[in-house]
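J.:
Number of protein chains: 2
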Amino acid sequence: MSDLSLALAHAVNAPRLHQTLDELAQFGARDDGGVNRPALSADDLAARAWLLERATALGCTVFTDACANLFIRREGQQDLPPVLTGSHIDTQPTGGRYDGCFGVMAGLECLAALHDLQAETLRPIELAVWMNEEGTRYSPGAMGSSAFVAPERLPAYLQSVDSDGISLAAAIAEHSRAFPQLPVRERIAVHAFVELHIEQGPVLEQAGLAVGVVSGIQGVRWKQLRCLGSPAHAGTTPMAVRRDAMKLAIDCVAAIEALAAQLSTPEDLRLTFGRWQVLPNAINTIAGEVVFSVDFRHWDDAVLAAFDARLAAALPAHCSAEALFTHAAVAFDAPVVEAIASACAALQQPSMPLRSGAFHDAMYLAEHCPTGMIFVPSRDGISHNPNEFTEPRDLEAGTRVLAHTLLALANQP
Amino acid sequence: MSDLSLALAHAVNAPRLHQTLDELAQFGARDDGGVNRPALSADDLAARAWLLERATALGCTVFTDACANLFIRREGQQDLPPVLTGSHIDTQPTGGRYDGCFGVMAGLECLAALHDLQAETLRPIELAVWMNEEGTRYSPGAMGSSAFVAPERLPAYLQSVDSDGISLAAAIAEHSRAFPQLPVRERIAVHAFVELHIEQGPVLEQAGLAVGVVSGIQGVRWKQLRCLGSPAHAGTTPMAVRRDAMKLAIDCVAAIEALAAQLSTPEDLRLTFGRWQVLPNAINTIAGEVVFSVDFRHWDDAVLAAFDARLAAALPAHCSAEALFTHAAVAFDAPVVEAIASACAALQQPSMPLRSGAFHDAMYLAEHCPTGMIFVPSRDGISHNPNEFTEPRDLEAGTRVLAHTLLALANQP
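Chains as they are written, first to last, in this note's numbering: chain G, 652 to 1064; chain R, 652 to 1064.
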């Protein structure tokens, strides 16, 4: 079995992998080398049609579901819950060629390599294409994977409307008309899910490593801070009698940084003050109100809970915090993470453990089945950008690790 | 002579003063009790017509000039350069009843009190109404007083266009058609200019004093600071490798505050960071660029020059400063300031010396003739707001000090 995993990893066909990535990038290609392919857009439907042809040529069956996810299924020796891999092929409006797409094309390459070897696996292997991960056409993001694991969320999603007034329900109906041949499947039991993705951060590149074994996804707190000052004339108001909302906001930042330093090591912390609104926002008027965002992430839910509990008391007077968004930390399944690490070891592929700072479909899949992720580097940490780039040899390394892992999991009884 | 100054101060008719302030506030009255009277608007022309009737009834002659300023002249015994008082009657769009208007109505009350007493003065006294001080219909502000003292500035001002596309040249032509009877006068020599104005700050109110003797106007530096970070994902980018433009901006604020503390006592300083732009201004993206304004004011030009000279070296890396606007400090004429202080003493009117933090027409007049200002309190320091308010007894006290000062100056040989 280990021999077959190795054989499959070595059967990964690098030119074919890069070729399919290139072909996928033509659907919604931008002049600057990037990709603009909104979920269920005409470009997305064309890319799906192209992918279905590929899947059929590999002897796979394709299913869809009520949220327009795709499942490209290669049967196993037994009708056991399948091993899933996959990601998404929708992009940001100024997106790159790799975010999501690489995970799907790498999964396709694994199916092609299995086909080349005419290999059989105990369990079926399925390649999932999750709908609307980016969340730019319809909000929120990762709708497809979220609705797959918790179908009760779908009715609310279907009412989401894009900027042209087209509901998700209408877009999914259009998808059904475009692909009438696809059976619509309900949620199924899944043996394991493994998502291969670009890191979208600088850690692997700086470590000089091609592969990251992802142990989990950081939990998140988004807060909105509001600081109330007294708007007044910048020239006539002595410093001693001012209540400057911008100075209050800067004091808030210092207080939140101090709280974060009590709760976390710098290595484990992500703390960002990214969105600011200042009123009246005039050169010669002391700010009367400043509203800004706090993005606090950590892998440990206890730290996130302590941040929630202690934030209000840490703030200066005239400042308050409101919760905007919260998501628990996700710890991936230890045996799946171990299968990925074992694949690296078997392939003599240097790797490191790391945590995902971004959300992925795997965050939702982890609610439903044993889940893990594999990362490859992002040059300069850049993502959601036409300049998104990963070295071809790193793409190949990640795909080989995925192939080894899938085969090992698919042969688990 | 001193007896006549006192007699004039006591001839100030408080009910008449408040009545004329009320009447002026009807032109462009807002539902919220404030006033919206743009320079040379229909409401402003109606207010000017009302004022001209008043002036004529007091036996005064009225002149205008190429920038639509008005000069209400009461002749003296000799044809010497006159003593000028006055301010402006244009308002902010959400303006109050006192900013500018009080100085003009108090000057009118002085002329009326002189008329009541049938008093003669050695020099003529003129009440000036300066055009477009607020700068909201046409930019920049204080055009009328600026063009009076330096007519070479007028051609550029005439090309200024309001939000309806009407040039200042066209608005002044309309003013000429509305008041064809007014002689158009060139710049004249002026013996002294005294402007009475609300403080627009909290200092007099907090000191419990009705009158401030203004020694000068703070100089100003407006700078635009630009901090360049590396935009990156808030979840995936470790703290150690970030270059967060908002953190750089907060460091800049601290550096500028430290520089200011080296250059000035807190009492003499005005330092404001009022306008902020953050890019891309998203919750989950580290700021790539922050641009913000610095408003630095001081009465001492040497301090302002040191701020200019030392700012760049004080800033962190990746941060730069650009000059947006500069104005030298103005020190008012010592004998005029002394005449105001003497008036307070003669009237047993408690007062305090202070500096103006805001710009006024007196800033430009000081380029042309000996100049001084008198302040009365602003409740809660509020101005440019319908809630602008000064206690009637304080308006009366300021007007009496103005009357005493004008008479003393007008009888100087």
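Ideal placement from N, C-alpha and C gives every residue a C-beta, glycine not left out.
1. Can you tell me which of R:PRO802, R:ALA822, R:ALA801, R:GLU803 puts its alpha carbon nearest to the alpha carbon of SER811 of chain R?
2. Tell me which residues of the segment 934-958 of chain R have at least one Cβ-Cβ distance to chain A shorter than 9 Å, keeping chain order.
3. Between G:ARG961, G:ASP959, G:ALA883, G:THR1022, which has its C-alpha nearest ASN1036 of chain R's C-alpha?
4. Can you have a look at GLU1039 of chain G and say buried or exposed, based on whether 16 or more other CB atoms are within 10 angstroms of its CB?
5. Could I get the ranges of all uninterrupted alpha helix (DSSP H) runs contained in the segment 963-1040 of chain R, with 4 residues as the minimum, in chain order?
6. Could you work out which residues of chain R lie near HIS884 of chain G, taking near to mean beta carbons separated by less than 8 Å?
7. Distance, Cα to Cα, PRO1028 of chain G vs THR977 of chain R?
8. Assign MET652 of chain R to buried or exposed, taking buried as 16 or more other Cβ atoms, counted over all protein chains shown, within 10 Å of its Cβ.
9. Please report the distance separating the alpha-carbon of LEU759 of chain G from that of ILE740 of chain G.
10. What did DSSP end up calling ARG1044 of chain G once you bin it into helix, strand or coil?
11. Distance cutoff 8 Å, beta carbons only. Does MET652 of chain R sit that close to anything in chain G?
12. Under three-state DSSP, which class holds CYS878 of chain R?
13. In three-state terms, what does DSSP make of ARG926 of chain R?
14. Excluding the 5 residues flanking ASP767 of chain G on each side, which residues of the same chain have their C-beta closer than 6 Å to its C-beta?
15. Is any heavy atom in the ligand ATP found nearer than 7 Å to the beta carbon of HIS842 of chain R?
16. In terms of residue numbering, what span does the beta strand (DSSP E) encompassing LEU778 of chain G cover?
17. Using DSSP with H/G/I as helix, E/B as strand and the rest coil, what is SER866 of chain R?
18. In whole angstroms, what is the alpha-carbon distance linking PHE757 of chain R and GLU940 of chain R?
19. Return the chain-ordered ranges of every alpha helix (DSSP H) run that is complete within the segment 875-960 of chain G and spans a minimum of 4 residues.
20. I need the DSSP call for THR745 of chain G, collapsed to helix, strand or coil.
21. Which first and last residues belong to the alpha helix (DSSP H) in which GLY754 of chain G is found?
22. Which residue comes first and which comes last in the beta strand (DSSP E) that contains THR712 of chain R?
23. Along the segment 911-933 of chain G, where does the CB come closer than 9 Å to a CB of chain R? Name the residues.
24. Per the DSSP calculation, TRP873 of chain G is bridged to which residue(s)?
25. Is ILE1025 of chain G close to chain R? Criterion is C-beta to C-beta, closer than 8 Å.
26. Quick one: is THR888 of chain G near chain R, going by C-beta distance under 8 Å?
27. Note down the Cα distance separating GLU771 of chain G from GLN1063 of chain G, rounded to an integer number of angstroms.
28. Return the CA-CA distance between GLU837 of chain R and ALA938 of chain R, expressed in angstroms with no decimal places.
29. Please tell me whether PHE793 of chain G has its Cβ less than 8 Å away from any Cβ of chain R.
30. Could you tell me whether the Cβ atoms of HIS848 of chain R and HIS1011 of chain R are closer together than 8 Å?
31. In three-state terms, what does DSSP make of MET652 of chain G?
32. Candidates R:PHE924, R:PRO967, R:ASN932: which alpha carbon is nearest ARG948 of chain R's?
33. Would you mind working out which of G:VAL854, G:CYS878, G:GLU856, G:LEU672 sits nearest ALA963 of chain G, comparing C-alpha positions?
34. Taking contact to mean 3 or more Cβ pairs, one atom from each stretch, closer than 8 Å, check whether the segment 658-673 of chain R and the segment 1015-1033 of chain G are in contact.
35. Counting contacts by CB-CB distance shorter than 8 Å, is MET897 of chain G in contact with chain R?
36. Extract the residue ranges of the alpha helix (DSSP H) inside the segment 682-735 of chain R, only unbroken runs of 4 or more that lie entirely within it.
T.: Well, looking at it:
1. For the purposes of this step, residue 811 of chain R is taken as residue 160 along the second sequence, with counting starting at 1. With distances taken between Cα atoms, SER811 of chain R lies closest to R:ALA822.
2. Any reference to chain A falls outside this structure, whose protein chains are G and R.
3. Counted from its first residue, the second sequence places residue 1036 of chain R at position 385. Answer by Cα proximity: G:ALA883.
4. Position 388 of the first sequence holds residue 1039 of chain G. Buried, since its Cβ has 16 or more Cβ neighbours within 10 Å.
5. 985-997, 1012-1016
6. As a working mapping, residue 884 of chain G is identified with position 233 in the first sequence. What HIS884 of chain G touches in chain R: GLN851, GLY852, GLY1008, ALA1009, GLY1032, SER1034, HIS1035.
7. Walking along the first sequence from the start, residue 1028 of chain G turns up at place 377. Walking along the second sequence from the start, residue 977 of chain R turns up at place 326. When rounded, the distance between both Cα atoms is 50 Å.
8. Your numbering for residue 652 of chain R matches position 1 in the second sequence. For MET652 of chain R, the pLDDT reaches just 46, beneath the cut-off of 50, and the residue's location in the model is therefore unreliable, although a value from the coordinates is still provided. Label assigned to MET652 of chain R: exposed.
9. Within the first sequence, numbered from 1, the residue matching residue 759 of chain G stands at position 108. Within the first sequence, numbered from 1, the residue matching residue 740 of chain G stands at position 89. So the alpha carbons of these two residues sit roughly 13 Å apart.
10. Here residue 1044 of chain G refers to the residue found at position 393 when the first sequence is read from its first residue. ARG1044 of chain G: helix per DSSP, three-state reduction.
11. On the second sequence, position 1 is the one that residue 652 of chain R refers to. Its pLDDT being 46, under 50, MET652 of chain R is placed unreliably in this model, and the value from its coordinates should be taken loosely. Output row for MET652 of chain R: interface = no.
12. Your numbering for residue 878 of chain R matches position 227 in the second sequence. CYS878 of chain R: strand per DSSP, three-state reduction.
13. For this step, residue 926 of chain R is matched to residue 275 along the second sequence. In this structure, ARG926 of chain R counts as coil in the three-state DSSP scheme.
14. If you number the first sequence from 1, residue 767 of chain G lands on position 116. Correct list, in chain order: ALA662.
15. Among the components of this structure there are no ligands whatsoever, and the ligand ATP is therefore not found.
16. Position 127 of the first sequence, counted from the first residue, corresponds to residue 778 of chain G. Here the beta strand (DSSP E) through LEU778 of chain G covers 776-780.
17. Reading the second sequence from its first residue, position 215 is the one you call residue 866 of chain R. Note: SER866 of chain R maps to strand in three-state DSSP.
18. By 1-based counting over the second sequence, the position of residue 757 of chain R is 106. By 1-based counting over the second sequence, the position of residue 940 of chain R is 289. For clarity, residue 757 of chain R is Ala in the given sequence; the question names Phe instead. Their backbone Cα atoms lie some 50 Å apart in a straight line.
19. 896-914
20. Locating residue 745 of chain G in the first sequence gives position 94, counting from the first residue. THR745 of chain G falls in the coil class under three-state DSSP.
21. Taking the first sequence and counting its residues from 1, the one referred to as residue 754 of chain G is at position 103. Note, GLY754 of chain G: alpha helix (DSSP H), 752-768.
22. Within the second sequence, residue 712 of chain R is the residue found at index 61, counting from 1. Taken as a continuous stretch (DSSP letters only), the beta strand (DSSP E) holding THR712 of chain R covers 712-715.
23. PRO917, GLU918, LEU920, ARG921, LEU922, THR923, PHE924, GLY925, ARG926, TRP927, GLN928, VAL929, PRO931, ASN932, ALA933
24. The residue labelled residue 873 of chain G in the question sits at position 222 within the first sequence. DSSP lists G:ASP946, G:PHE976 as partners of TRP873 of chain G.
25. Here residue 1025 of chain G is taken as the residue at index 374 of the first sequence, counted from 1. Not an interface residue.
26. Here residue 888 of chain G corresponds to residue number 237 of the first sequence, with the count starting at 1. Yes, its Cβ sits closer than 8 Å to a Cβ of chain R.
27. For this step, residue 771 of chain G is matched to residue 120 along the first sequence. For this step, residue 1063 of chain G is matched to residue 412 along the first sequence. In a straight line, the C-alpha of GLU771 of chain G is about 13 Å away from that of GLN1063 of chain G.
28. Start at 1 with the first residue of the second sequence, and residue 837 of chain R comes out as number 186. Start at 1 with the first residue of the second sequence, and residue 938 of chain R comes out as number 287. Near 55 Å, if we compare the C-alpha coordinates of ALA938 of chain R and GLU837 of chain R.
29. Here the question's residue 793 of chain G lines up with position 142 in the first sequence. The sequence shown places Ala at residue 793 of chain G, rather than the Phe named in the question. No, ALA793 of chain G lies away from the interface with chain R (no Cβ there is under 8 Å from its Cβ).
30. Taking the second sequence and counting its residues from 1, one reaches residue 848 of chain R at position 197. Taking the second sequence and counting its residues from 1, one reaches residue 1011 of chain R at position 360. Closer than 8 Å, so yes.
31. Your numbering for residue 652 of chain G matches position 1 in the first sequence. Model confidence at MET652 of chain G stands at a pLDDT of 46, short of 50, so the residue's coordinates are unreliable and nothing is read from them.
32. Taking the second sequence and counting its residues from 1, one reaches residue 948 of chain R at position 297. Nearest of R:PHE924, R:PRO967, R:ASN932 to ARG948 of chain R, Cα basis: R:PHE924.
33. Indexing the first sequence from 1 puts residue 963 of chain G at position 312. Checked all of G:VAL854, G:CYS878, G:GLU856, G:LEU672; the closest Cα to ALA963 of chain G is G:CYS878.
34. no
35. Reading the first sequence from its first residue, position 246 is the one you call residue 897 of chain G. For MET897 of chain G, the answer is yes, since a Cβ of chain R falls inside 8 Å of its Cβ.
36. 693-708
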